[in-house]
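Heads up, the final residue of the sequence shown is numbered 1263 in the numbering used here, and it's a clean run with no missing numbers.
Every residue, glycine too, gets a C-beta built ideally from N, C-alpha and C.
Down below is the structure, laid out as structure tokens.
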Amino acid sequence: MTIKKSVSLLVAISFSFQIWAQQSATYTSNLAEYQKALSLYNNQQYLAAQSLFGSVKKDTKETVLLSDCAYYIANCAVRLNQQNADQLVENFVEEYPTSTKRNTAFIDVADYYFVNGKYAHARKWYDKVDESGLGRAEKQKFYFNNGYSAFTSKQYKEAKQYLTRVENSKEYGSQAKYYIGFMAYEGDDYDNANKYFDQVSNQEQYKEKLSYYQADLNFKLGNFEKAIQLAKSKLKTSDANEVSELSKIIGESYFNLGKYNESIPYLEAYKGVKGKWNNTDFYQLGYAHYKQGHYEEAISEFNKIIGGTNSIAQNAYYHLGESYIKLGKKQEALNAFKNASEMDFDLKIQEDAYLNYAKISYDIGNPYQSAPQVLSGYLDKYPKTTFREEIETLLIDSYITSKNYKEALKLLEGKKSFENKAAYQKVAFYRGLELYNEGNYTEAKALFESSIKEPRDASFTARATFWKAETDYNLNNYNDALIGFKQFQQQSAAASTPEYKNIDYNLAYTYFKLKSYSQTAQYFNQYIASNKKTDNVRLHDAYLRLGDAYFVSSEYKNGINAYESAIKLGTADSDYAFFQKAISAGYIGQDSKKIKELEQFISEYQQSKLRDDAMYELGNTYVKNGDTDKAIQMYNRLNSEYKMSSFVPKSHLRQGLVYYNGSKNEQALAKFKQVATDYPETPEAVQAVATARLIYIDLGRVSEYASWVKTLKYVEVTDADLDNATYEAAEKQYLDNNTDKAINQFNGYLNQFPSGLHALQSHFYIAQMYYKKGLMENASPHYKYVVDASRSEFTEEALSRLSQFYLESKNWKNAIPLLERLEEEANFPQNVVFAQSNLMKAYYQLENYNKAVAYAEKVLASSKIDNKIKADANVIIARSAIKTGNETKAQEAYAKVESVATGETAAEALYYNAYFKNKDAKYEASNTTIQKLAKDYSGYKYYSAKGLVLMAKNFYALKDAFQATYILESVIQNFTEFNDVVTEAKAELNKIKSEEAKTNSSIQAGGN
């Protein structure tokens, strides 16, 4: 039994030994393979090592060996940058939580990423490390590496937390202090930065880097001398970028020390951030130049500061203004001071800038506000200013010099000092003159009266008296006008006024209108005697009216002398004088002379509007002298050559009477019937019917007469007596100037006899009375009746009045045919000019520019037009040329406009003067013209606004970006009522800012 057990035990031990021997051999073999893989790993043969570690891990069941293999497989994956590397490390930690290599795995992976510069990856793994498991040396390395990784990722808070733990480390301390110092520098903690940098400044490895930072630190700490010293010592060994930054430190340090001359070369050497300066950079260099008296250079820098809204910008704009003043560039200074005055960062600079802005506005004018507004605005804002007396003096004078009389009147209302009342007298006078020139006589008269009521200056009292009389004359108040002209003449100051030389002329005309012809002749003779060597146009007119005064007074010989004097002046329109002279010869019994002169007139004055008059008069004179054949021939010639003349029906009637008086009854009847049929309702038709009646009675053919008369709708034989009586009653009221009664009775006549014998005259007289009362809506249908009827002596005036009504209503299409008729049919030259000048305007409004120009050229060809009409004609030509793209023609026309125009037309011409100078690249000359526009015509805001946009373009072309952008921003802000101008200003501003943003980092491209 015992033996059996022993044998069994021996067998068991033998079997166990065999199993252990087998396991031991396997383990030994895996261990050898593991060691081989470890050797490959240490030799950085990571792929081969990873493969062998994988084989060992696959064959072994030993926990420690499995753990170690998993660790190295993951580690190799990290070093081989395999995609699943991080996951393998995570798997290792999760599968072998008790492995002694767990912490080592985190450290190894983090260190690997750190050494290879992948600091963000390194931080991820450093965060997993258990610090308590690290030795002292390992901890220092861990703190530095983790801190530096955070530093490179700009996670300064975490970086400082780790780096401060090793700032006293022998191995890592210097580096840690450098990076802690740098973070303090970046965080504007200059004291701490300086403290840390000082601790490592003696070390060679940091010396090169620290020289820039220390220079900058000292600059920022206000140690400017030291900053200069450190920066200069670094200059020679620096690259281009560092040279730029160091130059900025040196230049700005000199600037802060007030050593502006020394600062300039260094400030200029600065290249900016990414090649761009900012507004502060431009300000410092500009101010340095300003302090050295280099005003051109200062301006060049200051005017690059665009859109600044801080104290630096306010300072820059103020000194920019002063620099411009030093160079005599007042317009540019105006904008700079205005900008500075609108900022309140420094209240003293703001007030001083406003004062300069106000003074310059007075001096050169202001396109944004009138000079009086600026000056009074300054006084309102700074009522206790020490400059109050000076500014008030300028304010009073500016009311006149600005020529913005409309605005000046508002500002002067209620001001009671002597100086303000004196200014009010002048301003009221000049504003009245503006309104007079615009044809607004009622308002003009009121202002002349206001001026007279403040008799502070005798000269202006006299002038206002004259122009009040002139206004009364234009309002047909001839008695009031006469009194006014006489009052003017009696004032002692009158003789020194520009109006005095024409007073006799004005008095003569007033007497002429009052039908006081002896006084008319007296004053025209007085005017002629003292003005024989001046003003041929007015002198010629004086001779004509003198001749007319003698003519209506039956002093025909004196009239002939006056007309001959007019002819001798050699003006182009001597036809009227020649005609009147011939007619006058007839009145003194010199029929042969009359005939000779009328024949000469017809031959020589082929284009005269009086030629048909002459033919008619000549025919009549032939009849008077018994030469009826010549008379008939002349009447036929008139009828043939002037079919539309108002003398044609008279001529036909005269022919009928010649035949009747010569007992040629059938020929006479034919003529009378022609007149009655072709010219119905005219006085000639009425007379033709009456004379034909006599012939029919003489011939015993009364029934034939009755049958014929029935065909004439406008002849009601049975009511003739009532017709005449009703008309005569109305006419009597008209002649007695009982306007309202006359209107009622004429309307009553037309209601009773709508086609009566006197319908034409009635319609005309009603129209005239409604016109006089200012009731053109009532007058227009009556004028239309006259216009639509056969031509008569009333046609011309009716055409003029009705066309004027349509023009004032802007009914261009209805006005044009009437004006064309008036041009063709008018006997009076002034009506021809009226027709042509308004045709050019009407066609322009209808955008028919070719016809507008054609009529404008006709107007200019006339010798009897005043400057306003000349200006209007040239404006039409100019505007039409602009519309059709013919700028050469526009430029010529606007130049002519400028020489004669006043008011808004003059402002328009000046704008285009500047516009064409800009086109010719004459930018400074263009700006000078715009300044004149701003000073002399500031009341015309549209052209002021357009001029400012043009000025901005000029300044930008002259490389003055500040002026350009400031002006455009002001236009956008101040002229919102002019959409087209604001749109153009915005487009130009965006274009400039986009360009300037390329070199100035303070500017947003295409925006504010």
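Bridge partners - residue i, DSSP secondary structure assignment
| i | result |
| --- | --- |
| residue 1255 | 532 |
CA nearest to the CA of residue i, picked from the options
| i | options | result |
| --- | --- | --- |
| residue 1080 | 1054, 1096, 1059 and 1069 | 1054 |
| residue 606 | 592, 616 and 615 | 592 |
| residue 1082 | 1096, 1095, 1064 and 1046 | 1046 |
| residue 359 | 335, 375 and 322 | 322 |
| residue 324 | 800, 308 and 1233 | 308 |
| residue 565 | 600, 1174 and 532 | 600 |
| residue 1104 | 1078, 1133 and 1114 | 1133 |
| residue 1172 | 1202, 729 and 1159 | 1202 |
| residue 1090 | 1188, 534 and 1051 | 1051 |
| residue 820 | 810, 808, 791 and 841 | 791 |
| residue 729 | 745, 515 and 697 | 697 |
| residue 548 | 536, 516, 537 and 559 | 516 |
| residue 812 | 580, 748, 822 and 843 | 843 |
| residue 1227 | 1217, 677, 1239 and 1218 | 1239 |
| residue 798 | 711, 763, 769 and 1044 | 763 |
| residue 997 | 985, 1005 and 1006 | 985 |
| residue 1174 | 1158, 1142 and 1154 | 1142 |
| residue 851 | 877, 1097, 520 and 291 | 877 |
| residue 415 | 403, 614, 668 and 425 | 403 |
Cβ separation of residue i and residue j, assumed to be a contact under 8 Å, to the nearest whole Å
| i | j | result |
| --- | --- | --- |
| residue 981 | residue 1024 | Going by Cβ atoms, the distance from residue 981 to residue 1024 rounds to 17 Å, so no, they are not a contact pair. |
| residue 590 | residue 1221 | 5 Å |
| residue 818 | residue 845 | Not quite, the Cβ-Cβ distance comes to about 14 Å (not below 8 Å), so this is no contact. |
| residue 311 | residue 288 | 5 Å |
| residue 1039 | residue 1057 | 6 Å |
| residue 1218 | residue 587 | 6 Å |
| residue 706 | residue 715 | 6 Å |
| residue 837 | residue 849 | 5 Å |
| residue 334 | residue 348 | Contact doesn't hold; Cβ gap of about 18 Å is too wide. |
| residue 824 | residue 853 | Contact doesn't hold; Cβ gap of about 22 Å is too wide. |
| residue 655 | residue 674 | Contact doesn't hold; Cβ gap of about 12 Å is too wide. |
Test item: CB-CB of residue i and residue j under 7 Å
| i | j | result |
| --- | --- | --- |
| residue 1088 | residue 1120 | yes |
| residue 609 | residue 625 | no |
| residue 702 | residue 683 | yes |
| residue 367 | residue 398 | no |
| residue 1198 | residue 1169 | no |
| residue 1252 | residue 1230 | no |
| residue 922 | residue 890 | no |
| residue 1212 | residue 1178 | yes |
| residue 737 | residue 765 | yes |
| residue 867 | residue 900 | yes |
| residue 1135 | residue 1114 | no |
| residue 622 | residue 653 | no |
| residue 643 | residue 664 | no |
| residue 700 | residue 723 | yes |
| residue 346 | residue 315 | no |
| residue 1256 | residue 531 | yes |
| residue 561 | residue 1207 | no |
| residue 521 | residue 493 | no |
| residue 865 | residue 828 | no |
| residue 225 | residue 930 | The requested residue 225 does not occur in the structure, where the chain is confined to residues 256 to 1263. |
- For the 8 Å Cβ check, are there 3 or more pairs between the region 1146 to 1163 and the region 1115 to 1132? Taking a cut-off of 8 Å for Cβ pairs, the region 1146 to 1163 and the region 1115 to 1132 touch, as three or more such pairs fall below it.
Can at least three beta-carbon pairs, one atom from the region 751 to 770 and one from the region 778 to 785, be found at a separation below 8 Å?
Judged by pairs of C-beta atoms under 8 Å, the region 751 to 770 touches the region 778 to 785, as three or more such pairs exist.
Cβ pair count under 8 Å reaching 3, the region 1010 to 1023 against the region 930 to 941:
Judged by Cβ distances under 8 Å, the region 1010 to 1023 makes contact with the region 930 to 941, as three or more pairs qualify.
field: contact_flag[the region 570 to 585, the region 549 to 560] where n(CB pairs < 8 Å) is 3 or more
entry: Contact between the region 570 to 585 and the region 549 to 560 is present: three or more C-beta pairs spanning the two stretches fall below 8 Å.
Counting pairs of beta carbons, one from the region 1066 to 1074 and one from the region 913 to 931, are three or more of them closer than 8 Å?
-> No: fewer than three Cβ pairs fall under 8 Å.
Indicate whether the contact test is met: 3 or more Cβ pairs, each with one atom in the region 1241 to 1248 and one in the region 633 to 648, closer than 8 Å. Too few Cβ pairs lie closer than 8 Å, so no.
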